[in-house]
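Visitor:
Number of protein chains: 2
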Amino acid sequence: MNNQNIRITINHVADEAQVSKKTVSRVINNEPNVSERTRKRVQETIARLNYFPDPQARGLASSRSFLLAMIYDNPNPEFVTEAMLGILASCQKKGYELVVHPCLSKEELNIDSILTFIQRIKIDGVILLPPMSESPLLIEALRAKKINYVRLLSNDNEFPENLVQFDDQNATKDVVAHLIKQGHTKIGFIKGAINSESSERRFSAFIEAIAANNIELPEGYIQQGSYTFQSGLASGLTLLQQRPRPTAIFACNDEMALGVIAAANKLNVDIPEDLALVGFDDSPHSSEVVPPLTTVNLQVKKMAGLAADKLLYICENNIVQAAKIPCCVTSELIIRGSSSSKFADDLKVN
Amino acid sequence: MNNQNIRITINHVADEAQVSKKTVSRVINNEPNVSERTRKRVQETIARLNYFPDPQARGLASSRSFLLAMIYDNPNPEFVTEAMLGILASCQKKGYELVVHPCLSKEELNIDSILTFIQRIKIDGVILLPPMSESPLLIEALRAKKINYVRLLSNDNEFPENLVQFDDQNATKDVVAHLIKQGHTKIGFIKGAINSESSERRFSAFIEAIAANNIELPEGYIQQGSYTFQSGLASGLTLLQQRPRPTAIFACNDEMALGVIAAANKLNVDIPEDLALVGFDDSPHSSEVVPPLTTVNLQVKKMAGLAADKLLYICENNIVQAAKIPCCVTSELIIRGSSSSKFADDLKVN
DNA sequence: ACCACGATTGACACCGGTGTCAATACATTA
DNA sequence: TAATGTATTGACACCGGTGTCAATCGTGGT
Numbered sequence: 001m002n003n004q005n006i007r008i009t010i011n012h013v014a015d016e017a018q019v020s021k022k023t024v025s026r027v028i029n030n031e032p033n034v035s036e037r038t039r040k041r042v043q044e045t046i047a048r049l050n051y052f053p054d055p056q057a058r059g060l061a062s063s064r065s066f067l068l069a070m071i072y073d074n075p076n077p078e079f080v081t082e083a084m085l086g087i088l089a090s091c092q093k094k095g096y097e098l099v100v101h102p103c104l105s106k107e108e109l110n111i112d113s114i115l116t117f118i119q120r121i122k123i124d125g126v127i128l129l130p131p132m133s134e135s136p137l138l139i140e141a142l143r144a145k146k147i148n149y150v151r152l153l154s155n156d157n158e159f160p161e162n163l164v165q166f167d168d169q170n171a172t173k174d175v176v177a178h179l180i181k182q183g184h185t186k187i188g189f190i191k192g193a194i195n196s197e198s199s200e201r202r203f204s205a206f207i208e209a210i211a212a213n214n215i216e217l218p219e220g221y222i223q224q225g226s227y228t229f230q231s232g233l234a235s236g237l238t239l240l241q242q243r244p245r246p247t248a249i250f251a252c253n254d255e256m257a258l259g260v261i262a263a264a265n266k267l268n269v270d271i272p273e274d275l276a277l278v279g280f281d282d283s284p285h286s287s288e289v290v291p292p293l294t295t296v297n298l299q300v301k302k303m304a305g306l307a308a309d310k311l312l313y314i315c316e317n318n319i320v321q322a323a324k325i326p327c328c329v330t331s332e333l334i335i336r337g338s339s340s341s342k343f344a345d346d347l348k349v350n
Numbered sequence: 351m352n353n354q355n356i357r358i359t360i361n362h363v364a365d366e367a368q369v370s371k372k373t374v375s376r377v378i379n380n381e382p383n384v385s386e387r388t389r390k391r392v393q394e395t396i397a398r399l400n401y402f403p404d405p406q407a408r409g410l411a412s413s414r415s416f417l418l419a420m421i422y423d424n425p426n427p428e429f430v431t432e433a434m435l436g437i438l439a440s441c442q443k444k445g446y447e448l449v450v451h452p453c454l455s456k457e458e459l460n461i462d463s464i465l466t467f468i469q470r471i472k473i474d475g476v477i478l479l480p481p482m483s484e485s486p487l488l489i490e491a492l493r494a495k496k497i498n499y500v501r502l503l504s505n506d507n508e509f510p511e512n513l514v515q516f517d518d519q520n521a522t523k524d525v526v527a528h529l530i531k532q533g534h535t536k537i538g539f540i541k542g543a544i545n546s547e548s549s550e551r552r553f554s555a556f557i558e559a560i561a562a563n564n565i566e567l568p569e570g571y572i573q574q575g576s577y578t579f580q581s582g583l584a585s586g587l588t589l590l591q592q593r594p595r596p597t598a599i600f601a602c603n604d605e606m607a608l609g610v611i612a613a614a615n616k617l618n619v620d621i622p623e624d625l626a627l628v629g630f631d632d633s634p635h636s637s638e639v640v641p642p643l644t645t646v647n648l649q650v651k652k653m654a655g656l657a658a659d660k661l662l663y664i665c666e667n668n669i670v671q672a673a674k675i676p677c678c679v680t681s682e683l684i685i686r687g688s689s690s691s692k693f694a695d696d697l698k699v700n
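Chains as they are written, first to last, in this note's numbering: chain A, 1 to 350; chain B, 351 to 700.
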């Protein structure tokens with residue numbers, strides 16, 4: 001009557017299954033050299049007793065923790081929470097948990113404190129979100145300490161085996177194709193932040209796509225933004241005052257696209273009648289704004305899930321290259337009212 | 351030359367300080383019955399060797415984990431990330447780390463899976479974010495299993511010792527006072543979701559403040575929203591078509607206030623000239639929108655930090671009531687262009 | 001039937017701390 | 001000074017697993 005709250009240990013399982021605890025351990029860890037008959041019996045016992053090995057004891061004995069860490073310094077909460085969801089989905093399949101470790105961008109990147117954090121609690125591996133994933137110093141330090149890591153959306157491709165990327169190029173092509181299909185030939189472009197390679201990739205893909213379609217591109221149609229609303233507003237005003245005025249604008253993220261909407265309102269330019277607008281990210285507001293924004297779904301959750309899969313594969317096999325797991329996620333164009341009059345009904349409010 | 355990477359253990363410290371490891375353990379845990387001289391010596395040795403006790407070994411021996419969990423199911427990423435920052439700031443002071451555990455709202459709340467999660471990795475305590483903090487079943491289950499918890503922003507006050515609240519009432523009063531100071535007497539109100547008690551608290555505080563100032567409040571000035579952009583848009587349109595038209599609107603969150611901005615644009619009502627608008631939450635977009643939104647800073651980070659302090663106090667003292675730590679956070683009104691023509695300059699774009 | 005050999009299994013120490021309790025040191029009182 | 005009590009300290013088992021290595025099992029070859 002008082003056996004309700006005792007924790008089931010490996011000893012209980014061993015006794016019950018008539019084997020040594022070492023054999024149970026072998027079964028738990030899927031080690032070879034256990035006869036099929038014994039393995040079955042132990043597995044059944046584990047299931048029957050609802051036994052779950054203690055991660056601390058396991059970790060203490062084998063220098064692991066069954067914890068992954070997400071290291072981030074991301075101004076975009078949506079990105080962070082989506083990434084967590086993706087990572088956790090992968091973690092739970094394998095019995096791992098996720099520890100979060102933000103690095104406030106205001107301070108200088110303190111690599112030592114990150115390493116200390118990882119080593120003190122013996123984090124099994126870390127997932128680096130941008131912009132942490134782009135720090136050569138951090139990567140170098142992790143490699144030196146032989147800490148498992150996977151980078152999300154990094155720009156430099158020095159160690160592609162530890163990288164999960166987004167296919168900016170095809171995404172951009174899809175956007176241009178969509179605009180052209182709507183009949184647009186005067187297409188403006190707003191770049192992201194100056195140092196951002198994702199912005200650069202989108203820009204060069206844009207140039208390619210434009211060229212491939214024999215479309216003219218006046219210099220003034222390209223504006224430098226900085227991924228902020230304000231920069232989108234400013235760039236939008238500039239673009240909409242070009243003559244001939246662009247009939248379509250592609251902004252490198254949704255924030256800037258929202259700025260363009262503000263600019264269009266200011267100049268009495270109707271979207272989508274007079275201007276088709278496309279953003280990038282599928283941020284939550286993009287669907288709520290008027291008109292709802294056509295945008296590219298970044299699939300952060302999916303990318304983060306893949307990153308976690310990769311990392312767990314590396315952790316469990318002590319292998320540095322997890323080449324088997326794909327590392328490039330393809331995009332999805334989400335067409336809404338801002339670029340297509342077919343969707344203009346969305347604007348109406350009951 | 352090869353002693354670089356060995357982990358410093360309690361034995362090293364004990365040897366170095368000429369005491370038993372048990373005594374070192376006493377010092378680590380701030381236990382009494384260690385002479386001041388010995389304590390000093392051990393502390394110095396710990397510092398000199400840069401020793402840090404292994405949380406796994408510590409946990410295995412004493413049934414702890416030095417991990418807190420944040421249990422959430424929050425549609426608002428900004429809220430979640432801010433809460434994490436607050437919690438982590440408190441955790442780091444005490445050498446704890448944070449594990450995140452989302453519960454997807456689409457599925458039914460699975461209390462068993464939460465309990466299993468907590469017990470399997472021996473989480474020391476959990477912080478419940480709304481709406482998880484409002485589930486009586488979950489609270490009941492946690493109490494039954496004697497799991498330490500603190501609730502953030504819950505409505506029911508059955509166990510106030512485990513609760514960190516926000517002072518909706520005073521915040522609302524501040525908003526009304528601000529609007530009255532600007533000369534407004536025709537003030538509309540948009541409620542939040544129907545079941546939300548924070549919305550109810552704000553509403554009743556609003557009614558009180560209005561009554562206290564002898565202001566008339568036509569029935570049509572009160573609209574039921576649902577915390578969404580769309581509901582704000584709809585309520586805004588309704589409000590702005592009342593006669594006499596309200597000269598100020600207070601929306602129960604920023605999302606809805608953004609909807610009101612859209613409504614005002616649609617009806618050619620100028621903000622702030624013809625309409626003063628105030629939101630609630632200080633969400634990131636509130637400062638970026640045109641005009642920037644006057645709003646109330648929820649201080650999520652601060653609340654979450656207090657919650658973590660409380661929880662850690664409970665964990666470390668095995669005390670259920672952490673009455674010493676304050677449980678109600680006061681607000682901060684952030685005045686921007688949407689409610690005050692003094693700030694109208696913000697609208698101009700260079 | 002006997003031996004060699006690989007497959008299977010278990011005994012036991014160990015991971016790095018904490019809990020228990022007995023041993024020792026020191027201070028106080030008679 | 002001895003006796004008593006309290007403060008300080010350490011020895012040792014234990015938390016719940018894993019690593020190492022030796023013991024045992026089963027099988028095929030001769």
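Beta carbons: idealized from backbone N, C-alpha and C, even for Gly.
Quick one: Cα of G279(A) to Cα of G188(A), how far?
Guide: To locate residue 279(A), count along the first sequence from 1; it is residue 279. To locate residue 188(A), count along the first sequence from 1; it is residue 188. Approximately 12 Å, taken between the alpha carbons.
Visitor: Return the residue from the list L608(B), E457(B) and L435(B) that minimises the CA-CA distance to E447(B).
Guide: By 1-based counting over the second sequence, the position of residue 447(B) is 97. Ranking the options by Cα distance to E447(B), first place goes to L435(B).
Visitor: Are the CB atoms of S340(A) and T294(A) nearer to each other than 8 Å?
Guide: The residue labelled residue 340(A) in the question sits at position 340 within the first sequence. The residue labelled residue 294(A) in the question sits at position 294 within the first sequence. Closer than 8 Å, so yes.
Visitor: Is H534(B) close to chain A, meaning its C-beta is less than 8 Å from at least one C-beta of that chain?
Guide: Along the second sequence, one-based indexing puts residue 534(B) at 184. Not one chain A Cβ lies under 8 Å of H534(B).
Visitor: Would A598(B) be called buried (16 or more neighbouring beta carbons within 10 Å of its own) or exposed?
Guide: If you number the second sequence from 1, residue 598(B) lands on position 248. With a 10 Å radius around the Cβ and a threshold of 16 neighbouring Cβ atoms, A598(B) comes out buried.
Visitor: Let me see if you follow: with CB-CB separation under 8 Å, is S415(B) close to chain A or not?
Guide: Translated into the one-based positions of the second sequence, residue 415(B) becomes position 65. Closer than 8 Å: yes.
Visitor: Cβ of H285(A) less than 8 Å from any chain B Cβ?
Guide: Within the first sequence, numbered from 1, the residue matching residue 285(A) stands at position 285. At least one chain B Cβ lies under 8 Å of H285(A).
Visitor: What residues from the region 431-456 of chain B come within 7 Å of chain A, judged by C-beta to C-beta, listed N to C?
Guide: T431, M434, L435, L438, E447, L448, V449, V450 and P452
Visitor: Along the chain, where does the alpha helix (DSSP H) containing Q299(A) start, and where does it finish?
Guide: In the first sequence, counting from the first residue as 1, residue 299(A) sits at position 299. Boundaries cannot be given for Q299(A), as no alpha helix (DSSP H) includes it and DSSP labels it neither H nor E.
Visitor: Going straight from the alpha carbon of S62(A) to that of E638(B), what length do you get?
Guide: Position 62 of the first sequence, counted from the start, is the residue given in the question as residue 62(A). Position 288 of the second sequence, counted from the start, is the residue given in the question as residue 638(B). For S62(A) and E638(B), the distance between alpha carbons rounds to 50 Å.
Visitor: Just tell me which of Y227(A), A251(A) and Q224(A) has its CA closest to the CA of L179(A).
Guide: Position 179 of the first sequence holds residue 179(A). Comparing Cα-Cα distances from L179(A) to each of Y227(A), A251(A) and Q224(A), the minimum goes to A251(A).
Visitor: Check whether the Cβ of K472(B) lies closer than 8 Å to any Cβ atom in chain A.
Guide: Translated into positions along the second sequence, residue 472(B) becomes position 122. True, the Cβ-Cβ gap to chain A drops below 8 Å.
Visitor: Using a beta-carbon distance below 8 Å, is V640(B) in contact with chain A?
Guide: Sequence index remark: in the second sequence, residue 640(B) carries index 290 (1-based). Yes - at least one Cβ of chain A is within 8 Å of the one on V640(B).
Visitor: From T330(A) to A57(A), what distance separates their C-alpha atoms?
Guide: Counting from one through the first sequence, the residue named residue 330(A) turns up at place 330. Counting from one through the first sequence, the residue named residue 57(A) turns up at place 57. Each residue's alpha carbon lies about 41 Å from the other.
Visitor: So what's A393(A) in DSSP terms, helix, strand or just coil?
Guide: Because chain A is modelled from 1 through 350, residue 393(A) falls outside the range shown and cannot be assessed.
Visitor: Under 8 Å, do L115(A) and N74(A) count as touching if we go by C-beta distance?
Guide: Numbered from its first residue, the first sequence carries residue 115(A) at position 115. Numbered from its first residue, the first sequence carries residue 74(A) at position 74. Taking 8 Å as the Cβ cut-off, L115(A) and N74(A) do not qualify as a contacting pair.
Visitor: Name, in chain order, the residues that DSSP records as bridge partners for T645(B).
Guide: The sequence position of residue 645(B) within the second sequence is 295, counting from 1. In the DSSP output, where bridge partners are listed per residue, T645(B) has I684(B).
Visitor: Mapping DSSP to helix, strand and coil, what is P284(A)?
Guide: Taking the first residue of the first sequence as 1, we reach residue 284(A) at position 284. Note: P284(A) maps to helix in three-state DSSP.
Visitor: Interface residues of chain A around P405(B) at Cβ under 9 Å?
Guide: Walking along the second sequence from the start, residue 405(B) turns up at place 55. By Cβ distance, chain A contributes Q56, S65, R120, I121 and K122.
Visitor: Suppose you measure from the CA of P246(A) to the CA of S636(B); what does that come to, to the nearest Å?
Guide: As a first step, residue 246(A) must be located in the first sequence, where it is residue number 246. As a first step, residue 636(B) must be located in the second sequence, where it is residue number 286. Within the model, the alpha-carbon separation for P246(A) versus S636(B) is close to 29 Å.
Visitor: Tell me the DSSP bridge mates of P452(B)?
Guide: Against the second sequence, residue 452(B) aligns to sequence position 102. BP columns for P452(B) point to Y422(B).
Visitor: Reducing DSSP to helix, strand and coil, say where E108(A) ends up.
Guide: Sequence index remark: in the first sequence, residue 108(A) carries index 108 (1-based). Residue state, collapsed to three classes: coil.
Visitor: Check whether the region 559-576 of chain B touches the region 532-548 of chain B, counting contact only when three or more Cβ pairs, one atom from each stretch, lie closer than 8 Å.
Guide: Here the region 559-576 of chain B makes contact with the region 532-548 of chain B; the two share three or more CB pairs at distances below 8 Å.
Visitor: For A209(A), which residues from the same chain have a beta carbon less than 7 Å from its beta carbon, with the 5 sequence-adjacent residues on both sides left out?
Guide: Here residue 209(A) is taken as the residue at index 209 of the first sequence, counted from 1. Closer than 7 Å at Cβ, skipping near neighbours: T172, K173 and V176.
Visitor: Tell me the start and end of each unbroken beta strand (DSSP E) in the region 465-541 of chain B that is at least 3 residues and wholly inside, in chain order.
Guide: 475-478, 499-502, 513-516 and 537-541
Visitor: Chain B beta carbons: is any one of them nearer than 8 Å to that of R336(A)?
Guide: The count along the first sequence starts at 1 and reaches residue 336(A) at position 336. Chain B contact via Cβ: absent.
Visitor: Could you tell me the alpha carbon to alpha carbon distance between S283(A) and L163(A), rounded to whole angstroms?
Guide: Within the first sequence, numbered from 1, the residue matching residue 283(A) stands at position 283. Within the first sequence, numbered from 1, the residue matching residue 163(A) stands at position 163. It is roughly 23 Å from the alpha-carbon of S283(A) to the alpha-carbon of L163(A).
Visitor: Who pairs with L60(A) in a beta bridge, going by DSSP?
Guide: Working through the first sequence from its first residue, we reach residue 60(A) at position 60. Its beta-bridge partners do not exist; DSSP assigns none.
Visitor: Could you tell me which residues DSSP puts in a beta bridge with L277(A)?
Guide: Stepping through the first sequence from its first residue, residue 277(A) is reached at position 277. For L277(A), which the question treats as bridged, DSSP gives the partners I249(A).
Visitor: Closer than 8 Å, CB to CB, is G655(B) near chain A or not?
Guide: The count along the second sequence starts at 1 and reaches residue 655(B) at position 305. No, G655(B) lies away from the interface with chain A (no Cβ there is under 8 Å from its Cβ).
Visitor: Comparing the CB of Y72(A) with every heavy atom of the ligand FMN, is any distance shorter than 7 Å?
Guide: Absence of the ligand FMN from the depicted structure is noted, as is the absence of any ligand whatsoever, leaving it without description.
Visitor: So what's E31(A) in DSSP terms, helix, strand or just coil?
Guide: On the first sequence, residue 31(A) is found 31 positions in, with the first residue counted as 1. In this structure, E31(A) counts as coil in the three-state DSSP scheme.
Visitor: Determine the direct distance from the alpha carbon of V392(B) to that of E386(B), and round the result to whole angstroms.
Guide: As a first step, residue 386(B) is located in the second sequence; it is residue number 36 there, counting from the start. As a first step, residue 392(B) is located in the second sequence; it is residue number 42 there, counting from the start. E386(B) and V392(B): Cα-Cα distance of roughly 10 Å.
Visitor: Nearest chain B C-beta to L109(A) closer than 8 Å, yes or no?
Guide: Numbered from 1 along the first sequence, position 109 holds the residue referred to as residue 109(A). With 8 Å as the cut-off, L109(A) does not count as an interface residue toward chain B.
Visitor: Cβ closer than 9 Å: which chain B residues qualify as neighbours of T265(A)?
Guide: Counted from its first residue, the first sequence places residue 265(A) at position 265. First, the residue type needs correcting, since residue 265(A) is Asn and not Thr in the sequence shown. Per Cβ cutoff of 9 Å: N615 and V640.
Visitor: Expressed to the nearest angstrom, what Euclidean distance is found between the alpha-carbon atoms of E741(B) and M653(B)?
Guide: The structure shown does not extend to residue 741(B), since chain B spans only 351 to 700, so no value can be given for it.
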